[in-house]
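Numbering (the UniProt record's numbering), first residue to last: 1 to 330.
See structure below.
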Ligand SMILES: Nc1ncnc2c1ncn2[C@@H]1O[C@H](COP(=O)(O)OP(=O)(O)O)[C@@H](O)[C@H]1O
Ligand SMILES: [Mg+2]
């Protein structure tokens, strides 16, 4: 029988929440056998945002990075989650911000949707302090999230309000990763405005390349740094790359996209079904084990983003390249 994606997603989220709740219950039982009598109260307590910890920063200079594209559905949020976790795994104190006001997705990708109490808009509007809204990741102490509000619209993002929060974050973090909404309206504009660097997510199709080109132009001419006559370092990340369809000339190849956009390539992430499974489990795909090709491609991307020189992988259909390798041995 047909099952919709949202029902699968809801089921896996419920399964995960049940698991988390039962694990929490077990931990609490070990600490104090009487405590589980008032379970709901205990679970609520755990869901509060945690204060920003006293982690030593690795650099004095904070970099604000926007993950953007123009087009929707290209993999921006998937990339922002993996980039933020990848940087945190390298020891950089990193805060991810969801600029997609009204929708909110990044919390799901990072597996902390149940722990959002205050959000980015509450901080902008001074309804809470930054440390009350920043949710600390349970697995990685260097990773924090400022979630988007689901009850406001993008007009609440003002240059002044966003600027004040970014200034506060610059004092505390090594990296701030801004997950941009689609389009070129206010939300996307504010997400890129304070960026020092940009990751332009582009799918190998002409409409995506055209929208990315527009966004590259906007960043280069209208961002805060552009207004101060400074460069914003822009990186091209090709996402959802399908080598089979590229070989059939249904999709653009890497060289054509690079030529059209004229910014340095920082990675190619193949189209891979496991990306959706990771999202459903609230785990950025970069955290998947070594058999996951999208996870490997995201790890390569973070290494290149940090300046490492690494060859590109996964530009060929995996099945085809397996057969090729087999025959080249004989
Ligand atoms: N490399 C990939 N392979 C397969 N599916 C992907 C990949 N990257 C993203 N997706 C899927 O594409 C959809 C949109 O991704 P998302 O990151 O939310 O895009 P955006 O933030 O640009 O709208 C999601 O269903 C996601 O699972
Ligand atoms: Mg998104």
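Heads up, the beta-carbon is just placed ideally off N, CA and C, and yes, glycines get one too.
This one's a predicted model, so the numbers in the text were calculated from it and none came from an experiment.
Query: Short Cβ contact (8 Å threshold) for residue 198 with residue 235; Result: yes
Query: Neighbourhood of residue 133 by C-beta distance below 8 Å, restricted to the same chain and skipping five residues each side; Result: 49, 117, 118, 119, 120, 122, 123, 146 and 147
Query: Spatial neighbours of residue 189 in its chain, beta-carbon cut-off 8 Å, leaving aside the 5 residues before and after; Result: 218 and 222
Query: Nearest to residue 184 (by Cα), restricted to the options 100, 78 and 269; Result: 100
Query: Same chain only: Cβ atoms within 8 Å of residue 164, ignoring 5 sequence neighbours per side; Result: 124
Query: Pairwise C-alpha distance: residue 141 and residue 170; Result: 18 Å
Query: 8 Å contact criterion, which residue 225 and residue 250 should meet: CB distance rounded; Result: Going by Cβ atoms, the distance from residue 225 to residue 250 rounds to 37 Å, so no, they are not a contact pair.
Query: Residues near residue 309 in its chain [Cβ-Cβ closer than 8 Å; skip 5 each side]; Result: none
Query: Minimum C-alpha distance to residue 154 - residue among 143, 191 and 136; Result: 191
Query: Residue 257, enclosing alpha helix (DSSP H) - first and last residue; Result: 254 to 261
Query: Extent of the continuous beta strand (DSSP E) run through residue 235; Result: 233 to 241
Query: Residue environment, residue 204, which counts as buried when at least 16 other CB atoms sit within 10 Å; Result: buried
Query: Buried versus exposed, by CB contacts within 10 Å (16 or more), residue 247; Result: exposed
Query: Unbroken beta strand (DSSP E) run spanning residue 200, endpoints; Result: 197 to 202
Query: Per DSSP, cross-strand counterpart(s) of residue 144; Result: 95 and 136
Query: Bounding residues of the alpha helix (DSSP H) (the contiguous stretch that carries residue 168); Result: 159 to 172
Query: Beta-carbon contacts of residue 317 that lie in its chain and below 8 Å, excluding the five residues immediately before and after; Result: 243, 244 and 247
Query: Residue 295 - containing alpha helix (DSSP H), residue span; Result: 293 to 305
Query: Proximal residues to residue 279 (C-beta, below 6 Å), its chain only, five neighbours per side dropped; Result: 109
Query: Simplified DSSP state of residue 130, which is helix, strand or coil; Result: helix
Query: Proximal residues to residue 314 (C-beta, below 7 Å), its chain only, five neighbours per side dropped; Result: 268, 270, 293 and 297
Query: Residue 208: CB within 7 Å of a non-hydrogen atom of ligand 1; Result: no
Query: Three-way DSSP call (helix, strand, coil) for residue 318 in this model; Result: helix
Query: Buried versus exposed, by CB contacts within 10 Å (16 or more), residue 229; Result: exposed
Query: Beta-carbon contacts of residue 77 that lie in its chain and below 7 Å, excluding the five residues immediately before and after; Result: 105, 106, 109 and 179
Query: Option nearest residue 331 by Cα separation, candidates 138, 238, 176 and 302; Result: Not covered by the structure: residue 331. The range shown for the chain is 1 to 330.
Query: Beta-carbon proximity check, residue 174 vs residue 94, cutoff 8 Å; Result: yes
Query: Residue span of the beta strand (DSSP E) that contains residue 79, given as start and end; Result: Where residue 79 is concerned, there is no enclosing beta strand (DSSP E), although the alpha helix (DSSP H) it sits in stretches over 76 to 89.
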